[in-house]
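A quick write-up on the structure given underneath.
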Amino acid sequence: MSLDATWVVDWMRESARVLAENRAELGALDREIGDGDHGENMDRGFAAVLAGLETISADASPGGVLQKVAMTLISTIGGAAGPLYGTGLLKASDAAGTETQLDGASIVALLRAVRDGIVLRGKAEVGEKTMVDAWTPAVDAASAAESAGESPGGILRAAAEAASAGAEATEPLIARKGRASYLGERAIGHRDPGAQSTALLLQAAADAARNA
Ligand code: ADP
Ligand code: MG
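All letters in the sequence shown, in the order written, are residues 116 to 327 by our numbering.
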């Protein structure tokens, strides 16, 4: 079983849909420990991604689609999240290379490349209350699922579940990176908005691979 460029396109379409649907919720999370713009930033960025998908060539590779998406996010999302997600997806595009079919191992490599790109750009470690706290358990769960012989769809479902748990687990943490780090202990009890948007993005990835 493998996934192709259609999966990446469906992933991005589903992401745009759920980010629009959760715009207010992400905004509310960011109002509690940041400046309130995360929902707006993500919705605007993925609306631009959606528009860009209209002009993508029919023979584009998964890596080609990811590269275009990454460039759009870097240029349209203001704030911290755009360059972070953009760099992550650009590294994922490199990881996919010119492959047309992504098997389980390639899916794990792709997710790991996103996480590593985000870490390269933002220098956050696990436990610092950022999106890295959703990506890292997601990559670990994806890798374990792949070793257990799961299909690409099963790997993505494991990643999505772990990302959601990881986002929830940011609630008791003190933030050490980004705007929320200015709050010190006052950030305790609030979920990190970027970890929550990561959980939504990975759920979208799994939903787009529903039959794989
Ligand atoms: P801004 O903080 O500039 O308003 P957003 O609100 O769009 O940008 O994004 C905030 C999210 O970005 C945070 O919830 C956090 O998950 C993530 N973030 C901020 N700084 C970093 C970093 N250095 N590394 C990883 N993620 C970060
Ligand atoms: Mg913000």
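The C-beta atom is built at its ideal place from N, Cα and C for all residues, glycine as well.
The model shown is predicted, which means the values in this text are computed figures rather than measured ones.
DSSP-derived helix/strand/coil call for residue i
i, result
"Leu217", "strand"
"Leu168", "helix"
"Met157", "helix"
"Val234", "helix"
"Ile303", "coil"
"Asp145", "helix"
"Ala327", "coil"
"Ala173", "coil"
"Glu111", "Residue coverage of the chain in this structure runs from 116 to 327, which leaves residue 111 outside it and unanswerable."
"Val241", "coil"
Start and end residues, alpha helix (DSSP H) containing residue i
i, result
"Lys183", "177-191"
"Lys206", "196-211"
"Arg132", "120-136"
"Asp248", "247-262"
"Gly293", "Premise fails: Gly293 is in no alpha helix (DSSP H) and is neither H nor E."
"Ser279", "267-283"
"Pro308", "308-323"
Distance, residue j Cα to residue i Cα
i, j, result
"Ile115", "Tyr200", "There is no way to answer for residue 115, as the model of the chain reaches only from 116 to 327."
"Glu124", "Ser130", "One point to set straight first is that residue 124 is Val, not Glu, in the sequence displayed. When rounded, the distance between both Cα atoms is 10 Å."
"Ala143", "Gly151", "6 Å"
"Gln318", "Leu298", "29 Å"
"Val229", "Asp145", "22 Å"
"Ala305", "Asp174", "Per the sequence shown, residue 305 should be read as His rather than Ala. Rounded to the nearest angstrom, the two C-alpha atoms are 44 Å apart."
"Asn137", "Trp126", "16 Å"
"Asn326", "Trp122", "10 Å"
"Glu265", "Ala139", "35 Å"
"Asp218", "Glu261", "10 Å"
Inter-residue CB distance, residue i and residue j (contact presumed, cutoff 8 Å)
i, j, result
"Ile270", "Ile233", "About 19 Å separates the two Cβ atoms, so there is no contact after all."
"Ser117", "Pro267", "6 Å"
"Ala211", "Pro177", "5 Å"
"Gly237", "Lys292", "6 Å"
"Asp119", "Gln216", "6 Å"
"Ile192", "Ala295", "About 18 Å separates the two Cβ atoms, so there is no contact after all."
"Val254", "Arg227", "5 Å"
"Ser312", "His153", "7 Å"
"Ala282", "Ala249", "5 Å"
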